[in-house]
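Below is one structure, written out as structure tokens, with a few remarks after it.
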Amino acid sequence: MAAHNGQDYSTADDSELVELARDDQAAFGELYERYVKKIYSYIYFRTGNHHDAEDLTSRVFHRAFLHIETYVERGVPFQAWLYRIAHNLVANWHRDRNRRKVIPLDEFIAAGLRSEAPEDTTESQEEKERLVEAIRRLPEERQQLLILKFVDKLSNQEIGEIMERSEGAIKSLYHRTLLALRDELTAEQQSEPTRQADE
Amino acid sequence: MFSPDGMQNAQDKQPDQQIEDLLAAHLDALMAGQADFDPQFTRYDLTPAKIAEATDLLNLATRLRETLVPVAPSETYVNRLKRELIGDQPVTLLVRWRKLPAHYQLAAKLGGLTLTAGLLLLASRRALTILDALQHRNQPESDQGLSPAS
Chain X
1463 MAAHNGQDYS
1473 TADDSELVEL
1483 ARDDQAAFGE
1493 LYERYVKKIY
1503 SYIYFRTGNH
1513 HDAEDLTSRV
1523 FHRAFLHIET
1533 YVERGVPFQA
1543 WLYRIAHNLV
1553 ANWHRDRNRR
1563 KVIPLDEFIA
1573 AGLRSEAPED
1583 TTESQEEKER
1593 LVEAIRRLPE
1603 ERQQLLILKF
1613 VDKLSNQEIG
1623 EIMERSEGAI
1633 KSLYHRTLLA
1643 LRDELTAEQQ
1653 SEPTRQADE
Chain W
51 MFSPDGMQNA
61 QDKQPDQQIE
71 DLLAAHLDAL
81 MAGQADFDPQ
91 FTRYDLTPAK
101 IAEATDLLNL
111 ATRLRETLVP
121 VAPSETYVNR
131 LKRELIGDQP
141 VTLLVRWRKL
151 PAHYQLAAKL
161 GGLTLTAGLL
171 LLASRRALTI
181 LDALQHRNQP
191 ESDQGLSPAS
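Here it is, written out as structure tokens:
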């Protein structure tokens, strides 16, 4: 993105842009363009609908814009700072609406599955739906990890900065999350014959 | 035991740590679009049970990669929000309010409350004065303390 003075900010790193953004809104615009889609996707998974995702994403960037002058990196990179703002706003959203802190993935996944190639079999779609349901039964922290890893494609280091954990702790959490997810899927499969027998 | 380059061998780590390293390497390959990731179990000192566990988890991670895909906002929304933040779109009072620093917002709220309280106080005093005047008007003249004509 070019600033009003014609300067190209696309090659500047985040730290440089943060400094420039205190005086030049175009620099903040560059930061916005870099992160708006990731933040939106993260919030969408946490809320499950576009309306709230748009509202909360707007709040994230308005808040960041308001506080850009007082933001000091000090071990918390700009990206991690944005995600923490997003996390706090989503947590408040859940609290205010008195909802369980699970990711309502059904709406999103249904849309995603519909947009897939038509050659996908019904069986594979059912598999994905089962996987989504199992994810929904996980604790919030583990769902957050899966979103940051698979949706936003963040590294362990980046996730650690957001969740305030070491890189090693994130690797360990990832392992435990997959184990828990596998157990959820196994338990569901084992309960299916019982359900069918009852029917 | 360390290899010549000083790095700890994979086999020297605890089994869970080895699986964690394997999962991390697998995920990196998935994200890079590599479809032919070779777990190379022989590099690790894993029991058959642990190898089976690792295989399960690698397959699960692949399923997650295929299922959890990003959701993009509309371009209209992205452009509108950008204009709202830094562009030349007419800035409404709400947008101006949002852009105020938090301490400015607090000062404005306190000022508004003080002003409102003051206006209410003045209004209540004025109302009492009017009521008092109306009461005096309705009382007979003798009760109002007027001296008789000399």
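Line by line, the protein sequences give chains X and W.
Note that the first sequence covers residues 1463 to 1661 in the numbering used here.
Note that the second sequence covers residues 51 to 200 in the numbering used here.
For each residue, glycine too, the CB sits at the ideal point set by N, CA and C.
Proximal chain W residues relative to residue i, where beta-carbon distance stays under 9 Å
i: H1513/X; result: Residues of chain W passing the Cβ test: none, with the nearest at roughly 11 Å.
i: G1622/X; result: What G1622/X touches in chain W: nothing, since even the nearest Cβ is about 12 Å away.
i: G1491/X; result: K132, L135, I136 and G137
Three-way DSSP call (helix, strand, coil) for residue i in this model
i: D86/W; result: coil
i: D95/W; result: coil
i: D1614/X; result: coil
i: D1470/X; result: strand
i: S1477/X; result: helix
i: G1510/X; result: coil
i: K1633/X; result: helix
i: G162/W; result: helix
i: D1558/X; result: helix
i: R1592/X; result: helix
i: E1535/X; result: coil
i: K1499/X; result: helix
Buried versus exposed, by CB contacts within 10 Å (16 or more), residue i
i: T97/W; result: exposed
i: K1611/X; result: buried
i: V1594/X; result: buried
i: E103/W; result: buried
i: H153/W; result: exposed
i: V1534/X; result: exposed
i: R1508/X; result: buried
i: L184/W; result: exposed
i: A82/W; result: exposed
Residue i versus residue j - alpha carbon distance
i: A1631/X; j: A1474/X; result: 31 Å
i: E1602/X; j: L1518/X; result: 18 Å
i: L135/W; j: R1525/X; result: 10 Å
i: R93/W; j: D86/W; result: 17 Å
i: R1596/X; j: H1513/X; result: Looking at the sequence provided, one finds Ala at residue 1596/X rather than Arg. Answer to the nearest angstrom: the Cα atoms are 25 Å apart.
i: T164/W; j: A1553/X; result: 33 Å
i: G1537/X; j: R1496/X; result: 20 Å
i: N1618/X; j: E1629/X; result: 5 Å
i: L1647/X; j: V119/W; result: 20 Å
i: L171/W; j: A158/W; result: 20 Å
i: A1642/X; j: D1485/X; result: 48 Å
i: A173/W; j: D182/W; result: 14 Å
i: D1558/X; j: L156/W; result: 22 Å
i: D95/W; j: P65/W; result: 7 Å
i: Q1605/X; j: I1624/X; result: 14 Å
Interface residues of chain W facing residue i [CB-CB closer than 8 Å]
i: N1618/X; result: A74
i: L1479/X; result: By Cβ distance, chain W contributes nothing, its closest Cβ being about 13 Å from L1479/X, past 8 Å.
Cβ neighbours of residue i in the same chain (closer than 8 Å, five flanking residues each side left out)
i: V1522/X; result: I1501, I1505, L1544, I1547, A1548 and L1551
i: E1650/X; result: R1592, E1595 and A1596
Beta-carbon proximity list for residue i, same chain, < 7 Å, skipping 5 on both sides
i: Y1494/X; result: F1523
i: L77/W; result: A111
i: P1539/X; result: D1476 and E1623
Contacts that residue i makes with chain W (C-beta to C-beta distance below 7 Å)
i: R1627/X; result: Within chain W, no residue comes near R1627/X; the closest Cβ sits about 14 Å away, beyond 7 Å.
Under 8 Å from the C-beta of residue i: neighbouring residues of chain X
i: I69/W; result: H1637
i: Y77/W; result: Residue 77/W is actually Leu in this sequence, not Tyr. The answer, in chain order, is K1611 and Y1636.
Partner residues on chain X for residue i, Cβ-Cβ distance less than 7 Å
i: A183/W; result: Ordered by position in chain X, no residue passes the 7 Å Cβ test against A183/W, which lies about 50 Å from the chain.
i: T92/W; result: Within chain X, no residue comes near T92/W; the closest Cβ sits about 21 Å away, beyond 7 Å.
i: D106/W; result: R1644
Sequence-distant residues of its chain with Cβ nearer than 6 Å to residue i (five each side left out)
i: L204/W; result: Any question about residue 204/W goes unanswered here, given that chain W covers just 51 to 200.
i: E1588/X; result: none
Residue i Cβ short of 7 Å to the ligand ATP heavy atom set
i: A74/W; result: Summarising the ligand content, the structure contains no ligands, and the ligand ATP is consequently not present.
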